[in-house]
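See below for the structure under consideration.
Numbering (my numbering), first residue to last: 522 to 735.
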């Protein structure tokens, strides 16, 4: 860390190992690459200091494997989603849980992905129940959206838009202020595993097969 380019080859040096979990499902960095989150099948979340590999905190509260974590814009909060059907909001510095979205609101099955809106006012979560839930940071469910025909695997935010990728092979771009402006993008031949907006608004999606769409 960090990688450097040399003769068109990517060279990675100063590798660090972060060993605390078993069966790690995710890792998420702050924008400045100082703090790392990892979530695991052991139901916990670990907060690490990247520079020295020190474990800063191990967070417990979920009663099922942790499937997703995402920081808000300032990285002072982060959200986590779990197989226990809940979404939790955590204080990064204090390593404490601020709010819990209960199993009945918004999701009835595993929470697979979470994302804050660009202004951090909304928390968006996607589930194995095919639903997309919009909640406030305080944990109040604001709206539930449907459109996918299978598990929602990934979410990414840009301004008032959210893009979701699903195991139904599609990507949906949602306009949070006008549901009728929803756009479904079809073209993949496999489960969509990742979606991402560029700063210029270009959307990239990737499937588990070697296929990228822009």
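A virtual CB, placed ideally from N, CA and C, is assigned to each residue, including glycine.
From a predicted model like this one, the values you see are computed outputs, not experimental measurements.
For residue 614, the closest C-alpha among the options 640, 658, 727, 557 is that of 557. One alpha carbon belongs to residue 658, the other to residue 721, and they sit about 27 angstroms apart. The DSSP-derived three-state label of residue 727 is strand. DSSP places residue 596 outside both helix and strand once states are collapsed to three, so it counts as coil. Following the DSSP letters along the chain, one finds residue 696 inside the beta strand (DSSP E) bounded by residues 691 to 696.
A Cβ-Cβ contact shorter than 9 angstroms links residue 620 with residue 609.
Annotation: residue 709 to residue 686 spans about 10 angstroms, alpha carbon to alpha carbon. Annotation: the region 553 to 579 contains the following complete segments of the beta strand (DSSP E) (minimum length 3 residues), in chain order: 556 to 561, 566 to 570. Excluding the 5 residues flanking it on each side, residue 706 has same chain C-beta neighbours closer than 6 angstroms at 692, in chain order.
According to the DSSP assignment, residue 618 belongs to the beta strand (DSSP E) that extends over 617 to 622. Taking 9 angstroms as the cut-off, the Cβ atoms of residue 645 and residue 676 count as close. Membership of residue 548 in the beta strand (DSSP E) is indicated by the continuous run 545 to 550. Close CB contacts of residue 603 within its chain, under the 7 angstroms cut and outside five residues either way in sequence, are with 583, 585, 586, 587, 588, 632 (chain order). In this structure, 698 is the residue among 698, 547, 566 with its C-alpha nearest to the C-alpha of residue 664. In the DSSP assignment, residue 704 forms a beta bridge with 694. Of the residues 680, 577, 684, the one whose Cα lies closest to the Cα of residue 669 is 684. In the DSSP assignment, residue 683 falls within the unbroken beta strand (DSSP E) covering 682 to 687. Checking the DSSP bridge columns, you'll see residue 664 partnered with 655.
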